[in-house]
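Chains as they are written, first to last, in the numbering used here: chain P, 7 to 276; chain F, 21 to 359.
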Amino acid sequence: MNPTTAQRVHPLAKYAALGAIAARQTLVDRAVLLGRAVFIGLFLLIFSQLWKTVLSMGQRGEHSVADLVWYLLITETVLIATPYLHLDIEKDIRNGDVANHLPRPVSYLWSQVSQGIGQLVVRFPAVALCGALMAWGLTGELPSNPAGLLYALPLTFLACCAVLISNITIGLLAVWIVDINPLVFVWQKLSFILGGLIFPMDIYPDWLRAVSEWTPFYAYLYGVGRLAYTPDPMVALGSAGMLLFWCAVFVWIALWVYRKALRVMTISGG
Amino acid sequence: MKKNNDNAVSVTNLTKTFIVREREPGFLGAVKGLFSAKTREVRALEGISLDIKQGERVAFVGPNGAGKSTTIKILTGILHPTAGEANVLGFVPWKDRTKLGYHIGTVFGQRSQLWYHLPAGDTFDLLSKVYELDPEVYRKRRAELVEAFDIGDLLGRAVRQLSLGQRMRCELVASLLHRPHMLFLDEPTIGLDVTAKAIIRDLVRDTSLRDGSTVLLTSHDTGDMERVCDRVIVINHGRLLLDKPVGELRRGYIRRKMVTLATVEEKIDLTLPGVEVIESKPYRTVVEVDVTVTPVEAVMQAAMKASRLHDITVEDPPMEEIIKTIYAEAREKEPALAP
């Protein structure tokens, strides 16, 4: 605590303030917000056509086109609404901007988390709302059992938080690997395949689904996406449990990586 | 603060060595690098010692790679030294970085702490929370700084819409909100035009005098050190070359003076040892005088004998020249350290 000031401000208020200013900047930076909303719209347009074609060719599965499009809306929202903080952190480390942050009485890691959540608070409703309007416009209907969407809404936000923390951890790895792009590429592809970004995991081969269940990708994509057509409270509870577990794991890894990264930066200058 | 003596900064035998990985050039070199890590030691600081009194304004000058930034990073707690001791405002920076953070302000000229798409006032509000300022204390301090830095009409504009000079005034206010006892300024006037530089220099000096805050300024612009600081520390190759008051530096290192003669006659003939004509135009002659060979008074007397004079001006060489002289002397003493 600063001894020159009255002790009336709670230390946690600084992180809330960081989140609030990040939310304000996200609101002002309309181009990025609009870009993400347009992207999810385009994505849903393309894949809704694809699913319509596949299902009209007699490839009937257990899901309707509407189920699959609403599933896509959830999984894509997780990836599109989450801020790409790994890129900002990599830039901070590469050009030395991190030196601007470290002398302040605030943790760089938690300030990034706060700012990420602040951005997410604005992006999540914008992307989800645009996506939902598009999904409804394209299919003309809600999923076969829309009650699942009520469970999906908070869990999709939680999934975004899990992805956010993993992004921050990847960004911090720039202290060692300098260019994180190859790592991001591999991580994203694993997300797409093992998370079931485009195809629900229940149409995957059993062995691949079994492997996927042990990964965080399953929890933050398929785990919440399936709620679009599975309005079962127990399934939602299972998804929430998996997400909380992976959030805890990601936070633990982020703290460990941050401590190591800080040590490298303070010893070798980054 | 823990410390009771007059020093804001005390540094003893501060040493910093970086281990740098070396890679051979070409594809083969890249492949080799995967299996064997060749490293090299780079000594950024070689046992520097210095004290800075509270309220002093000190310029830390040196060429690129001299060790200025490394020293500042150690003193702000961003870097750990390899050896030596440092104490800033009673704190060991690398052990008490967070506590020290409440008492220091930093401005890195090439890096902004302001939120780009938002008005600077939003960043000020954020920093008041970061530094846990009492809302009433903050309101008063902000009003005081807004007036002193004349940024009242800038507060409603997004930072991206400000000129570099306006932005730098806002950066300084952001760094001063929590009334830091010590201000670290790294190239605060870089990229600014002459007028904006003058404004920033005066503001830094006035604020330091008003608040009694200590300033440690690094800059390549000798104007910053002349206008803001009372003392200059010159560093090169991680060693202190010189530590003197600014005025003494001028007096001790001025070997040459520029004398401009406005004459009634079209030309003037001045042939004296140590005097070199730099510019010769009708009715105006500029000579450079080596004062160790011929004193300026002798040149003036000779000029008055040779021609009738309308005007005569004597100027010191720019501070840049003085610094170059210091480096050259260091090079002569220790050729191995030549930049």
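We treat Cβ as the ideally placed atom computed from N, Cα and C, and that holds for glycine. Since the structure is predicted, the reported quantities are computational estimates derived from the model, not experimental observations.
Query: Nearest to LEU262/F (by Cα), restricted to the options VAL193/F, THR305/F and ILE346/F; Result: ILE346/F
Query: Interfacial residues, the segment 123-149 of chain F to chain P, with Cβ spacing under 7 Å; Result: ILE124, THR126, PHE128, ARG131, GLN133, TRP135, HIS137, LEU138, ASP142, LEU146 and LYS149
Query: Same chain only: Cβ atoms within 7 Å of TRP116/P, ignoring 5 sequence neighbours per side; Result: TYR21
Query: Integer Cβ distance of PRO222/P from TRP182/P, believed to fall under 8 Å; Result: That pair is no contact at about 21 Å.
Query: Chain P contact for PRO359/F (CB, 8 Å cutoff); Result: Because PRO359/F carries a pLDDT of 43, less than 50, the predicted location of this residue cannot be relied on, and the following value inherits that uncertainty. Output row for PRO359/F: interface = no.
Query: Backbone secondary structure at MET63/P - three-state DSSP; Result: coil
Query: Three-state class that DSSP yields for LYS58/F in the structure shown; Result: strand
Query: Contact test: ASP145/F Cβ vs the ligand FMN heavy atom, cutoff 7 Å; Result: Inclusion of the ligand FMN in the displayed structure is not the case, the ligand content being empty and no account of it being possible.
Query: Same chain only: Cβ atoms within 8 Å of LEU233/P, ignoring 5 sequence neighbours per side; Result: ILE80, GLY154, LEU155, TYR157, ALA158, LEU161, VAL241, ALA242 and SER245
Query: Straight-line gap, ILE86/P to ILE46/P (C-alpha atoms, nearest Å); Result: 7 Å
Query: Listed by chain order, chain P residues near ARG117/F by CB distance under 9 Å; Result: LEU108, PRO109, PRO111 and THR272
Query: Beta carbon proximity, LYS93/F to chain C, threshold 8 Å; Result: The structure shown contains no chain C; its protein chains are P and F.
Query: Coil, strand or helix - ALA141/P by DSSP; Result: helix
Query: Alpha carbon of GLU164/F to alpha carbon of VAL44/P, nearest angstrom; Result: 46 Å
Query: Listed by chain order, chain F residues near LEU24/P by CB distance under 9 Å; Result: LEU146, LYS149 and VAL150
Query: Min CB distance ILE98/F to chain P below 8 Å; Result: yes
Query: LEU205/F in three-state terms, based on DSSP; Result: strand
Query: For THR35/F and LEU357/F, the rounded distance between their alpha carbons; Result: For LEU357/F, the predicted structure reports a pLDDT of 48, less than 50, and the residue's modelled location is therefore unreliable. The matter cannot be settled from this model.
Query: Collapsed DSSP secondary structure at ALA103/F in the structure displayed; Result: strand
Query: DSSP state of THR305/F mapped onto helix, strand, coil; Result: strand
Query: Beta-carbon proximity check, GLY124/P vs ALA19/P, cutoff 8 Å; Result: no
Query: Buried/exposed call for MET207/P, threshold 16 Cβ in 10 Å; Result: buried
Query: Opening and closing residue of the alpha helix (DSSP H) in which HIS107/P lies; Result: 104-107
Query: Rounded separation between VAL78/F and LYS325/F - CA only; Result: 45 Å
Query: Minimum Cβ-Cβ distance from ALA132/P to chain F less than 8 Å; Result: no
Query: Run of the beta strand (DSSP E) containing ALA362/F, from where it starts to where it stops; Result: Lying outside 21 to 359, the shown extent of chain F, residue 362/F is not represented and no answer is given.
Query: Chain-ordered neighbours of VAL34/P on chain F, where CB pairs are closer than 7 Å; Result: HIS137 and LEU138
Query: Cβ-Cβ distance between LEU249/P and VAL84/P below 8 Å; Result: no
Query: Selection from GLU66/F, GLU42/F and PRO45/F that minimises the alpha carbon distance to LEU13/F; Result: There is no way to answer for residue 13/F, as the model of chain F reaches only from 21 to 359.
Query: Within 8 Å, strictly: CB atoms of SER327/F and THR280/F; Result: no
Query: Under the three-state DSSP convention, the category ASN187/P falls into; Result: helix
Query: CB of GLY201/P within 8 Å of CB of TYR224/P, strictly; Result: yes
Query: C-alpha distance - GLU341/F paired with ILE210/F, whole-angstrom precision; Result: 19 Å
Query: PRO149/P versus LEU56/P - alpha carbon distance; Result: 17 Å
Query: Burial state of ARG230/F (16 or more Cβ within 10 Å); Result: exposed
Query: Residue-level contact to chain F via CB, ILE27/P, 8 Å cutoff; Result: yes
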